[in-house]
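In this note's numbering, the protein residues as written are 71 to 302. A virtual CB, placed ideally from N, CA and C, is assigned to each residue, including glycine. Keep in mind that this is a model prediction, so the values were computed, not measured. Below is one structure; the comments refer to it alone.
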Amino acid sequence: MSDTHTAPTADTVTTTSSPAPGDESPFSIFDIARTAARRLGTGWTATAGTFGVSGTIESPDGRSYLVKVGNTGNMDDYLYVQYDDDHRVLEGNDVEDGLTNLADTVSITVRLMHYAESTAAPWDAGNHLVAAFLGHGRRTRIDNHSAGTCIILDGHNGHHISISGASQTKGDLRHDYAPDDHESWTAVLCDPDDNEIGVIYQTDAALTADFAQDTALLLTCVLPGTATEQTP
């Protein structure tokens, strides 16, 4: 006596998934790398690893930066960026931060790695912040005054955002310091007459994020209050 096997139909097949597909990982690591490459500008490209679980960002001069999630030596998996022996772990980041914030953090991290070796005079914190805004199509200007120097981002209806940094070696109201010396960003919304309306971003004193993570958080807070996107 032979057994008869009937192929299940679509109506008889049930599947369970928790969380539902897309809820846990709404984007891939390659999505982060690809968006970061766009932030980096002309000549930067990204290629996907197998199944999109990694991405490689390639610079115009041919250097490759691996973006991946993996064990970083303390039994936890974190997003990281690697170029040769330079391994930058983005320990404070999580998928809940969203694609835009993660891509900003990765692109700033790649710039920190790339321009430290690519220029005769390594970029300071201000150079990196200006480049990060340009990645979103936003232009900035510099305001020099008696108290210090600020980076100005024009907003709506004549308002603007005044951004200053603080470093361990040069103090407040500066941005001409090495990113490794970075302590905090402060962003103040001002009216057309340059009167302060209020602080819209201040680095949390308890935050353990590094320069790239702090700068990406700054972008998240100030970009919604800026003018219409412009072409860099």
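Next item on the list: Locate the beta strand (DSSP E) running through residue 382, then write down its first and last residues.
Entry: Beyond the ends of the chain as shown, which are 71 and 302, falls residue 382; an answer cannot be given.
Check: With a CB to CB cut of under 7 Å and the five nearest residues on each side skipped, what residues in its chain are close to residue 107?
Finding: For the purposes of this step, residue 107 is taken as the residue at position 37 of the sequence shown. For residue 107, where only same-chain residues beyond five positions count, the Cβ hits under 7 Å are 114, 115, 116 and 127.
Checklist line | Counterpart residues of residue 267 in DSSP-defined beta bridges | finding: To locate residue 267, count along the sequence shown from 1; it is residue 197. Bridge partners of residue 267: none, in fact.
Check: Is the CB-CB distance between residue 208 and residue 223 below 8 Å?
Finding: By 1-based counting over the sequence shown, the position of residue 208 is 138. By 1-based counting over the sequence shown, the position of residue 223 is 153. With a cutoff of 8 Å on beta-carbon distance, residue 208 and residue 223 are scored as near each other.
Item checked: Inter-residue spacing [alpha-carbon to alpha-carbon] between residue 191 and residue 212 -> The residue you call residue 191 lines up with position 121 of the sequence shown. The residue you call residue 212 lines up with position 142 of the sequence shown. If I take the Cα positions, the gap works out to 20 Å.
Notebook entry, point to check: What does residue 134 pair with, by DSSP beta-bridge criteria?
Noted result: Sequence index remark: in the sequence shown, residue 134 carries index 64 (1-based). In DSSP, residue 134 forms a bridge with 128.
Checklist line | Exposure of residue 87, with buried meaning 16 or more beta-carbon neighbours within 10 Å | finding: Locating residue 87 in the sequence shown gives position 17, counting from the first residue. Residue confidence for residue 87 is low, a pLDDT of 34 falling below 50, so the modelled location carries little weight; the figure read from the coordinates is stated next. Sixteen is the threshold: since fewer than 16 other Cβ atoms of the shown chains lie within 10 Å of the Cβ of residue 87, the residue is exposed.
Check: For residue 284, is the classification buried or exposed, using 16 other Cβ atoms within 10 angstroms of its Cβ as the cut-off for buried?
Finding: Taking the sequence shown and counting its residues from 1, one reaches residue 284 at position 214. Residue burial annotation: residue 284 is buried, with at least 16 other C-beta atoms found within 10 angstroms of its C-beta.
Margin query: Please report the distance separating the alpha-carbon of residue 100 from that of residue 121.
Written below: Taking the first residue of the sequence shown as 1, we reach residue 100 at position 30. Taking the first residue of the sequence shown as 1, we reach residue 121 at position 51. About 9 Å.
Margin query: Tell me which residues share the same chain as residue 97 and place their Cβ nearer than 6 Å to its Cβ, disregarding the 5 neighbours each side in the sequence.
Written below: The sequence position of residue 97 within the sequence shown is 27, counting from 1. Exclusion of the five residues before and after residue 97 leaves 169 as the residues of its chain whose Cβ lies within less than 6 Å of its Cβ.
Check: Taking only runs of the beta strand (DSSP E) that begin and end inside the segment 196-258, which ones reach a length of at least 3 residues, in chain order?
Finding: Restricted to the segment 196-258, the beta strand (DSSP E) segments that are unbroken, complete and at least 3 residues in length are 211-215, 218-224, 230-237 and 241-244, listed in chain order.
Checklist line | Between the CA atoms of residue 202 and residue 235 - distance to the nearest angstrom | finding: By 1-based counting over the sequence shown, the position of residue 235 is 165. By 1-based counting over the sequence shown, the position of residue 202 is 132. Looking at the backbone, the Cα of residue 235 and that of residue 202 are separated by about 15 Å.
Check: Would a C-beta distance cut-off of 8 Å place residue 286 and residue 171 closer than the cut-off?
Finding: Taking the first residue of the sequence shown as position 1, residue 286 is located at position 216. Taking the first residue of the sequence shown as position 1, residue 171 is located at position 101. Cβ atoms of residue 286 and residue 171: closer than 8 Å.
Check: If residue 257 sits next to residue 288, beta carbons under 8 Å apart, how far is it from one beta carbon to the other, in whole angstroms?
Finding: Position 187 of the sequence shown, counted from the start, is the residue given in the question as residue 257. Position 218 of the sequence shown, counted from the start, is the residue given in the question as residue 288. Indeed, because the Cβ distance is near 6 Å, the residues count as touching under 8 Å.
Next item on the list: Rank 246, 218 and 161 by C-alpha distance to the C-alpha of residue 280 and give the top, closest one.
Entry: Locating residue 280 in the sequence shown gives position 210, where the first residue counts as 1. Per the Cα distances, 161.
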